[in-house]
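Encoded as structure tokens, the structure appears first; notes follow it.
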Amino acid sequence: MIRVEFLANELGPAAGADAAPGDALVDVSDACRAPVSFSCRSASCGTCLVEVLEGAALLAPRKADESEVLDLFDAPPSQRLACAARLVAHGEGLVRLRWAGGDE
1 MIRVEFLANE LGPAAGADAA PGDALVDVSD ACRAPVSFSC RSASCGTCLV
51 EVLEGAALLA PRKADESEVL DLFDAPPSQR LACAARLVAH GEGLVRLRWA
101 GGDE
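In UniProt numbering, the protein residues as written are 1 to 104.
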């Protein structure tokens, strides 16, 4: 199992859930009611931009559509779109995320 934790922000309290390898972050976020805002859910708007604070190696590499949107935002390698990022197929550990939108 991979533990996914989302830090608290103005959208709500911290949340987390155990997730299976291969799960999409959007599904984990929905399951634990994480404080992450979503709009398109198709890697085209950037609303769900998250900062990966820990466990980046437990996320599958960016696909082309996610990379294109992140390039538009000049996002550093530590940022991902929660609607597009998936956990690796095999692994265990902790992924800590912070929603990169809004005010801190």
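Where is the CB? At the ideal position from N, CA and C, for every residue including glycine. Treat the numbers as computed from the prediction; the structure is a model and nothing was measured.
Under the three-state DSSP convention, the category residue i falls into
i: residue 105; result: Nothing can be reported for residue 105: it is not among the residues displayed for the chain, which extend from 1 to 104.
i: Ala-15; result: strand
i: Ala-31; result: helix
i: Glu-104; result: Low confidence applies to Glu-104: its pLDDT is 46, below 50, so where it sits in the model is not reliable, and the reading given next is rough at best. It is coil, neither helix nor strand.
Nonlocal neighbours in the same chain, by C-beta distance under 7 Å from residue i, ignoring five residues either side
i: Ala-8; result: Ala-14 and Pro-35
i: Ala-89; result: Pro-21 and Gly-22
i: Ser-44; result: Val-69
Between the CA atoms of residue j and residue i - distance to the nearest angstrom
i: Arg-96; j: Val-52; result: 6 Å
i: Asp-74; j: Val-26; result: 22 Å
i: Ser-78; j: Ala-31; result: 23 Å
i: Ala-56; j: Leu-11; result: 23 Å
i: Arg-3; j: Gly-101; result: 22 Å
i: Ala-86; j: Ser-37; result: As written in the sequence, residue 86 is Arg, which differs from the Ala given in the question. If you take the alpha carbons of Arg-86 and Ser-37, they lie about 17 Å apart.
Residues near residue i in its chain [Cβ-Cβ closer than 8 Å; skip 5 each side]
i: Arg-98; result: Phe-6, Leu-7, Asn-9, Val-50, Glu-51 and Leu-53
Bridge partners - residue i, DSSP secondary structure assignment
i: Val-4; result: Ala-17 and Val-95
i: Ala-43; result: DSSP output for Ala-43 lists no bridge partner at all.
Practice task
Tell me the start and end of each unbroken beta strand (DSSP E) in the segment 49 to 101 that is at least 3 residues and wholly inside, in chain order.
Solution key: 49 to 54, 79 to 81 and 93 to 99
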